[in-house]
Structures are given as structure tokens and as C-alpha cells.
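*Asks:* Going by our numbering, the residue at position 121 of the sequence shown is 106; the numbering climbs one at a time, nothing skipped. Glycine is no exception: its CB is placed at the ideal position from the N, C-alpha and C atoms. Just so it is clear, the structure is predicted and the values come from calculations on it, not from any experiment.
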Amino acid sequence: MAVPRQEAVRAQLLDEAIDHLLRGEEPALEVNDELSALVEVARLRSLARRAGARSLAVEGGTLVMRMAEGRRLPPSALPQPLPRGVEAGPTSLRLDPVVLGDAWRKLLREVLEGISRAVEANGEKMGK
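If you want it as C-alpha cells, here you go:
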């Protein structure tokens, strides 16, 4: 069965976007492109890996990030005070997208970037 041309083009765009992310580059996608949500998930997972997260998953409607064994969330990476819908422990972060609305992606990205900065400041190397 032949793959429709439009699907083949989408698959190629997604493949190129993932290649960009793996090289640490921003993929060039249209803002309204339906692949944007998929690429955003890949971007967040890549950031989480670089920040030393063991997992990033949805559990019961809540986004949960767990740090790798032996890693802790640096308090400096977290917004103070924690916004409503955010819970943080020494090794995990929970975000409630229903409470946070569209802000959850931005907040998660900022926390992940903050963790990466804190790790680099300590001279540590994290996942690639």
C-alpha cells in the first residue's frame, strides 16, 4: 500500500525536525504546523535528558519528571514560590496541566533549562 504524498512529506519534516533536535538545534517548523506539538514533546524530552531526568511521563493527568538516581532537583531551578499546580520534591517535579493551562510547557522548559545551568555551574556532565 502506497503512503499518500502528504503523509510522506509530514514524515520527512518530522524526521528532519528530530535530527535538528538531536544536534541541539531548533527545527524550522511553521507555528501552526500540526507537527509542532510532536516536536515540542521531543524538545522537552531532549531537555529533560540533558538535565539528568530519568523519566518524563504523564501519570493520572499530571506531568511527572523524575531525576536519575543520585540526582536532585536544584532549588535554584524552581520558581519561588511554586505556582499553583506545581509540586516539587528533592528528586521529582509534578505539573498539573489543567491548573497551569498553556503555561505548563513554558514552565517545564524554564525548569529544565535552570537544572542544566545549575549542573553546568557545578562542572557536571549530564545525559546527551
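Can you name the residues that DSSP bridges to V49?
*Replies:* Reading the sequence shown from its first residue, position 64 is the one you call residue 49. Paired residue(s): A42 and R79.
*Asks:* Quick check on this structure: which residue in A2, Q(-9), D4 and L32 has the alpha carbon closest to the alpha carbon of R102?
*Replies:* Taking the first residue of the sequence shown as position 1, residue 102 is located at position 117. When each option's Cα is compared against that of R102, the closest is L32.
*Asks:* Could you check what DSSP says for A36 in three-state terms: helix, strand or coil?
*Replies:* As a first step, residue 36 must be located in the sequence shown, where it is residue number 51. Three-state DSSP puts A36 in coil, outside helix and strand.
*Asks:* Might you give, ordered along the chain, the residues of its own chain that have their beta carbon closer than 6 angstroms to the beta carbon of K113, omitting 5 neighbours on each side?
*Replies:* Against the sequence shown, residue 113 aligns to sequence position 128. With a pLDDT of 46 at K113, under the threshold of 50, the modelled position of that residue is not reliable, and no figure is offered here.
*Asks:* Could you pull out every residue in the same chain whose Cβ sits closer than 6 angstroms to the Cβ of L23, ignoring the five residues on either side in sequence?
*Replies:* The residue given as residue 23 occupies position 38 in the sequence shown. The answer is none, since no qualifying residue turns up.
*Asks:* According to DSSP, A106 sits in a beta bridge with which residue or residues?
*Replies:* The residue given as residue 106 occupies position 121 in the sequence shown. Its beta-bridge partners do not exist; DSSP assigns none.
*Asks:* Kindly give me the distance between the Cβ atoms of L78 and L85, rounded to whole angstroms, as I take these residues to be in contact under 8 angstroms.
*Replies:* Reading the sequence shown from its first residue, position 93 is the one you call residue 78. Reading the sequence shown from its first residue, position 100 is the one you call residue 85. So it is not a contact: roughly 12 angstroms between Cβ atoms.
*Asks:* Closer than 8 angstroms is the cut-off here; do at least three beta carbon pairs connect the stretch 33 to 50 with the stretch 66 to 82?
*Replies:* Taking 8 angstroms as the limit for Cβ pairs, the verdict is that the stretch 66 to 82 does touch the stretch 33 to 50.
*Asks:* How big is the Cα-Cα spacing for A106 and P59?
*Replies:* Start at 1 with the first residue of the sequence shown, and residue 106 comes out as number 121. Start at 1 with the first residue of the sequence shown, and residue 59 comes out as number 74. If you take the alpha carbons of A106 and P59, they lie about 11 angstroms apart.
*Asks:* Measure the beta-carbon distance from M52 to R39 and round it to whole angstroms, keeping in mind my assumption that it falls under 8 angstroms.
*Replies:* Here the question's residue 52 lines up with position 67 in the sequence shown. Here the question's residue 39 lines up with position 54 in the sequence shown. Contact holds; Cβ gap of about 6 angstroms.
*Asks:* Go through its chain and collect everything with a Cβ distance to A62's Cβ below 6 angstroms, but skip five positions before and after it.
*Replies:* Position 77 of the sequence shown, counting from 1, holds the residue named residue 62. Same-chain partners within the cutoff: V96, G99, I100 and A103.
*Asks:* Consult DSSP for E72 and reduce its assignment to one of helix, strand or coil.
*Replies:* To locate residue 72, count along the sequence shown from 1; it is residue 87. In the structure shown, E72 sits in a strand (DSSP, three-state: E or B).
*Asks:* For the candidate residues Q(-3), E25, R30 and P66, whose alpha-carbon lies nearest to that of D87?
*Replies:* On the sequence shown, residue 87 is found 102 positions in, with the first residue counted as 1. Among Q(-3), E25, R30 and P66, the Cα nearest to that of D87 is on E25.
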